[in-house]
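A.B. asks:
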Ligand code: AHR
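In the numbering used here, the protein residues as written are 8 to 719.
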């Protein structure tokens, strides 16, 4: 890639020289006043986001670079003229901004997955986390003078994938019965009048039917909802009952009590709100899912992240373990030091993608485990393990089966399983990622290539995404790109978590990427500010960078901020996009930036020229702009970042447009760089073919305009 890029830069340099004189001449005619712009004693800096970029498709062009001199001292008044060449456009990805979902920070269990019972299948273990065991989150409940015994057993489970269950022997049920109490995830939240679906698997061991009572109990002992059922089988049998909450409470526990003497086995004790996102059974927490949907993501990557390749080979995320009835799924420890019930599994991921209009982007392991397995990042990331080559055929088939599960006809083996789960129509899978920022070892490459060739041969219609390490530069990045280009991998996944200034310094990163090489998926990125806090500084750095992704939307096909979700009190990684607890969803400032880009996406990039009355390079890099058009609505969207300590008076001129609808919508996110909570403000704004707009200090402004129909 380096050679291609070098050739490209040389070619671009030649074109630049040819265009330089001509462009400057044109600009002088267009902007005769630019030499004497107010507040600019030392000269004028032109930042061309476009003319050159539009012609050569890839560069920010500094006119008169020799004029880039010292800062203008104390003079802080900056004027900008942004000229938008509406008819000079290039096609960009129409699915540029999406989301990255990983079960990290309790994003799935105790998060998006709406299950209210923690450790419902008694599968927690000390391998998940020191001190955890099958009874974590459960209490043996013997109020009312009852007594008996309990034991965790494995010899006759509901399903071999789900080995642990609880046996209870009630010797005397006392006054209230004996059983179990579950504390949920930091308590269980219920709403008065809301209905909750309870289900359980019970196997009677003693002869007689066992009457059970279930209760939602508040901290002070109030019963906030209850129901009853009685067993009638000596085999494992599922019992279901609905509980209606009689009052609202945000810290209930769940209690199940056997009301008669007897012996029985219990497993998969589940309680779901009926009101899940789109009312799906085994569904998602409605408020959290809605906050994700509101980002208008064009795709969703899942299930990770490091979770995909796992902490050792046995911990790789195997999609087949995550589908089918929940009691048959294979739970496992989470690389982030907790547990995955996989109740939110591949079917639910695909369904959620469809529900929010996002293209599914599953990432499967490249048959190697995470290089940091066992915490080996401390000794140089030597933990990568590879599946034996003798198992590769079977493993490759697993990936081909995934494609069949997503897209195959209902008459196919795996398409039939999708239909059984309630979705006969295909999920329209277009992309698959192979590997997650894996170390570029010979073992990795050999396995990647085997998978890649097999998937390409059987499914040429699927775009395969390769991986180029965890950093935006360095050995894995270089080797990964070389390998991708040699193998003509259509797209590669770049990752970077960097300080805000890195983003401002790298606004030109993709300008010189070879348009004929692999495309780019920026699969994970985030600006990490001091103490890894979500700040306006980091959000504006991301906004600035995203304008450059739009400008390079012909080579960058997709980008997703990471990570997405974090449960307060259970967070392993900061910063994240959306924080939450049991009752609140707390979008970060960075969320609003993602949302503004998601809700104001375009599929054509429009050329612009920005003229500034300040010749400092610092000023120029802190005023990035992008303009896109949404060809469906014909709307034009102007995005302007001002990361300067003073406001900027911007004059916006539209060239190549006959008429403009004067009613536009303007949204501004602004505050101080260190602010950690802010909400953007939206207002109506009057525009014309030429209009002025003040960009507040430290702000991100989005203006959405309706253009006349002739532009469509
Ligand atoms: O997003 C958090 C982690 O960062 C991901 O799991 C991993 O891919 C990256 O290193």
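We treat Cβ as the ideally placed atom computed from N, Cα and C, and that holds for glycine.
As the structure is a prediction and not an experimental result, all values here were calculated from the model.
Assign residue 112 to one of three DSSP states: helix, strand, or coil.
C.D. replies: Walking along the chain shown from the start, residue 112 turns up at place 105. Here residue 112 sits in coil by DSSP.
A.B. asks: Scan the segment 299 to 348 and note each continuous alpha helix (DSSP H) run of 4 residues or more that stays entirely inside, going in chain order.
C.D. replies: Counting whole runs of 4 or more residues, the segment 299 to 348 contains the alpha helix (DSSP H) stretches 313 to 316.
A.B. asks: Out of curiosity, what's the CA-to-CA distance linking residue 472 and residue 594?
C.D. replies: Position 465 of the chain shown, counted from the start, is the residue given in the question as residue 472. Position 587 of the chain shown, counted from the start, is the residue given in the question as residue 594. Cα to Cα, the separation comes out at about 29 Å.
A.B. asks: Return the CA-CA distance between residue 237 and residue 674, expressed in angstroms with no decimal places.
C.D. replies: Translated into the one-based positions of the chain shown, residue 237 becomes position 230. Translated into the one-based positions of the chain shown, residue 674 becomes position 667. So the alpha carbons of these two residues sit roughly 58 Å apart.
A.B. asks: What do you get for residue 480, buried or exposed, if any count of 16 or more other CB atoms within 10 angstroms of its CB means buried?
C.D. replies: Your numbering for residue 480 matches position 473 in the chain shown. Exposed: under 16 other Cβ atoms inside 10 Å.
A.B. asks: Give, in chain order, every unbroken run of the beta strand (DSSP E) that is at least 3 residues long and sits entirely within the segment 473 to 507.
C.D. replies: Counting whole runs of 3 or more residues, the segment 473 to 507 contains the beta strand (DSSP E) stretches 498 to 505.
A.B. asks: Does residue 568 pass the burial test, meaning 16 or more other C-beta atoms within 10 Å, or should it be called exposed?
C.D. replies: The count along the chain shown starts at 1 and reaches residue 568 at position 561. When all chains shown are included, residue 568 counts as buried.
A.B. asks: Report yes or no: do three or more beta-carbon pairs, one from the segment 185 to 195 and one from the segment 257 to 276, lie closer than 8 Å?
C.D. replies: Touching, yes, given that three or more Cβ pairs across the two stretches are closer than 8 Å.
A.B. asks: How many angstroms separate the CA atom of residue 271 from the CA atom of residue 160?
C.D. replies: Indexing the chain shown from 1 puts residue 271 at position 264. Indexing the chain shown from 1 puts residue 160 at position 153. Residue 271 and residue 160: Cα-Cα distance of roughly 12 Å.
A.B. asks: Assign residue 647 to buried or exposed, taking buried as 16 or more other Cβ atoms, counted over all protein chains shown, within 10 Å of its Cβ.
C.D. replies: Within the chain shown, residue 647 is the residue found at index 640, counting from 1. When all chains shown are included, residue 647 counts as buried.
A.B. asks: Hey, would you say the C-beta of residue 580 is under 6 Å away from at least one heavy atom of ligand 1?
C.D. replies: Residue numbering aside, residue 580 sits at position 573 when the chain shown is read from its first letter. The answer is yes for residue 580.
A.B. asks: Is residue 201 near ligand 1, judged by its Cβ being under 6 Å from some heavy atom?
C.D. replies: By one-based count along the chain shown, residue 201 stands at place 194. Every heavy atom of ligand 1 is 6 Å or more from the Cβ of residue 201, so no.
A.B. asks: Using a 10 Å radius around the Cβ and a threshold of 16 neighbouring Cβ atoms, would you call residue 154 buried or exposed?
C.D. replies: In the chain shown, residue 154 corresponds to position 147, counting from 1. Exposed is the call here.
A.B. asks: How do the segment 332 to 340 and the segment 404 to 413 stand: do at least 3 beta-carbon pairs fall below 8 Å, yes or no?
C.D. replies: Cβ pair count under 8 Å is below three, so no.
A.B. asks: Measuring CA to CA, which of 369, 393, 366 and 371 is closest to residue 378?
C.D. replies: For the purposes of this step, residue 378 is taken as the residue at position 371 of the chain shown. Cα-wise, what sits closest to residue 378 is 393.
A.B. asks: If you measure from the CB of residue 115, is any heavy atom of ligand 1 nearer than 6 Å?
C.D. replies: To locate residue 115, count along the chain shown from 1; it is residue 108. Answer for residue 115: no, Cβ out of range of ligand 1.
A.B. asks: Give me the Cβ distance between residue 631 and residue 704, rounded to the nearest whole Å; I'm assuming they're in contact under 8 Å.
C.D. replies: Position 624 of the chain shown, counting from 1, holds the residue named residue 631. Position 697 of the chain shown, counting from 1, holds the residue named residue 704. 15 Å between Cβ atoms; not a contact.
A.B. asks: Give me whichever residues DSSP pairs with residue 1 in a beta bridge.
C.D. replies: The chain is shown from 8 up to 719; residue 1 falls before or after that span and cannot be answered.
A.B. asks: What number of angstroms, rounded off, separates the C-alpha of residue 538 from the C-alpha of residue 683?
C.D. replies: The sequence position of residue 538 within the chain shown is 531, counting from 1. The sequence position of residue 683 within the chain shown is 676, counting from 1. For residue 538 and residue 683, the distance between alpha carbons rounds to 12 Å.
A.B. asks: Between residue 465 and the rest of its own chain, which residues show a CB-CB distance below 7 Å, the 5 nearest in sequence each way excluded?
C.D. replies: Indexing the chain shown from 1 puts residue 465 at position 458. For residue 465, where only same-chain residues beyond five positions count, the Cβ hits under 7 Å are 407.
A.B. asks: Between which residues of its own chain and residue 712 is the CB-CB distance below 8 Å, once the five residues before and five after are set aside?
C.D. replies: Against the chain shown, residue 712 aligns to sequence position 705. The residues are 642, 643, 644, 645, 667, 668, 671 and 694.
A.B. asks: Indicate the three-state DSSP secondary structure (helix, strand or coil) for residue 386 in the structure shown.
C.D. replies: Residue 386 sits at position 379 when you count from the first residue of the chain shown. Note: residue 386 maps to helix in three-state DSSP.
A.B. asks: Check the C-beta distance from residue 370 over to residue 443 and give it rounded, since I have them as a contact under 8 Å.
C.D. replies: Residue numbering aside, residue 370 sits at position 363 when the chain shown is read from its first letter. Residue numbering aside, residue 443 sits at position 436 when the chain shown is read from its first letter. At roughly 6 Å, the Cβ-Cβ gap stays under 8 Å, so residue 370 and residue 443 are in contact.
A.B. asks: Can you give the Cα-Cα distance for residue 656 and residue 624, rounded to whole angstroms?
C.D. replies: In the chain shown, residue 656 corresponds to position 649, counting from 1. In the chain shown, residue 624 corresponds to position 617, counting from 1. Rounded to the nearest angstrom, the two C-alpha atoms are 18 Å apart.
A.B. asks: Compute the Euclidean distance between the alpha carbons of residue 43 and residue 475, then round it to the nearest angstrom.
C.D. replies: Translated into the one-based positions of the chain shown, residue 43 becomes position 36. Translated into the one-based positions of the chain shown, residue 475 becomes position 468. For residue 43, the pLDDT reaches just 27, beneath the cut-off of 50, and the residue's location in the model is therefore unreliable, leaving the point undetermined.
A.B. asks: Assuming residue 376 and residue 295 are in contact, meaning their beta carbons sit under 8 Å apart, how far apart are those beta carbons, in whole angstroms?
C.D. replies: Here residue 376 refers to the residue found at position 369 when the chain shown is read from its first residue. Here residue 295 refers to the residue found at position 288 when the chain shown is read from its first residue. Going by Cβ atoms, the distance from residue 376 to residue 295 rounds to 30 Å, so no, they are not a contact pair.
A.B. asks: Enumerate in chain order the residues of its own chain whose CB-to-CB distance from residue 708 is below 6 Å, with the five nearest sequence positions on each side excluded.
C.D. replies: Looking up residue 708 in the chain shown gives position 701. Taken in chain order, the residues that qualify are 647, 675 and 702.
A.B. asks: Check whether the segment 386 to 402 and the segment 449 to 459 touch, using three or more Cβ-Cβ pairs below 8 Å as the test.
C.D. replies: Touching, per the Cβ criterion.
A.B. asks: Can you find a heavy atom of ligand 1 that lies under 6 Å from the Cβ of residue 569?
C.D. replies: For the purposes of this step, residue 569 is taken as residue 562 along the chain shown, with counting starting at 1. Result yes, Cβ under 6 Å from ligand 1.
A.B. asks: Check this for me: beta carbons of residue 565 and residue 604, under 7 Å apart or not?
C.D. replies: Along the chain shown, one-based indexing puts residue 565 at 558. Along the chain shown, one-based indexing puts residue 604 at 597. No; because the gap between Cβ atoms is not below 7 Å, this pair is not in contact.
A.B. asks: Which runs of the beta strand (DSSP E) spanning at least 3 residues fall entirely within the segment 202 to 265, listed in chain order?
C.D. replies: Those beta strand (DSSP E) runs which fall completely within the segment 202 to 265 and span 3+ residues are 202 to 211, 218 to 224, 230 to 237, 244 to 251 and 256 to 265.
A.B. asks: Provide the residue span of the beta strand (DSSP E) that contains residue 272, from first to last.
C.D. replies: Here residue 272 refers to the residue found at position 265 when the chain shown is read from its first residue. From DSSP, the beta strand (DSSP E) with residue 272 extends over 269 to 280.
A.B. asks: Helix, strand or coil: which one does DSSP assign to residue 699?
C.D. replies: Counting from 1 along the chain shown, the entry for residue 699 is found at position 692. The answer is strand: DSSP assigns residue 699 an E or B state.
A.B. asks: Please determine, among 169, 152, 412 and 600, the residue with the shortest C-alpha to C-alpha distance to residue 129.
C.D. replies: Position 122 of the chain shown holds residue 129. Comparing Cα positions, the closest option is 169.
A.B. asks: Grab the span of the beta strand (DSSP E) containing residue 469 for me, first residue to last.
C.D. replies: Counting from one through the chain shown, the residue named residue 469 turns up at place 462. Where residue 469 is concerned, there is no enclosing beta strand (DSSP E), given that its DSSP letter is neither H nor E.
A.B. asks: Could you check if residue 109 belongs to the surroundings of ligand 1, using beta carbon to heavy atom distance under 6 Å?
C.D. replies: Taking the first residue of the chain shown as 1, we reach residue 109 at position 102. Indeed, a heavy atom of ligand 1 lies less than 6 Å from the Cβ.
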